Amino acid sequence: MKSQKNTGGNNQILAEVWEDIVDVKDMLYSLIICTIGALGGYIFAPNTPPKPLLFGLAGGFIGFLVCAVVFKPKREFYEEEVE
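Counting from 0, one number per residue, gives the positions in the sequence shown under numbering that gives the first Met the number 0.
This is the structure we're talking about:
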């Protein structure tokens, strides 16, 4: 994981994770949201055997959807003309 400072106007600490650029603060918030969703689904599920697993997976997926909507990508694409 490489770390770099953003050269733009705002002070963001960016990191390269799996060849993608992410804001470290957004990544930590995403981990917290998905963990709360997964544990919440697991804890509040009925106690019959397959339901805690399925509710935990559903909670993690809902947390992923929330993070995908709230946190926007930090990628910037620059197009150059080649002659």
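Ideal Cβ positions, reconstructed from N, Cα and C, are used throughout, including at glycine. Just so you know, these numbers come straight off a predicted model, no measurement behind them.
Asked: Any C-beta of chain B under 9 Å from that of Y28; Found: Protein chains in the displayed structure number just one, and chain B is not present.
Asked: Distance between K24 and N9 (C-alpha atoms, nearest Å); Found: 13 Å
Asked: Integer Cβ distance of Y41 from P48, believed to fall under 8 Å; Found: Between P48 and Y41 the Cβ distance is about 13 Å, and since that is not below 8 Å, they are no contact.
Asked: Nearest candidate by alpha-carbon position, reference D22, set E82, P72, F76 and E79; Found: P72
Asked: Reference L13, options E75, E79 and E80, closest by Cα; Found: E75
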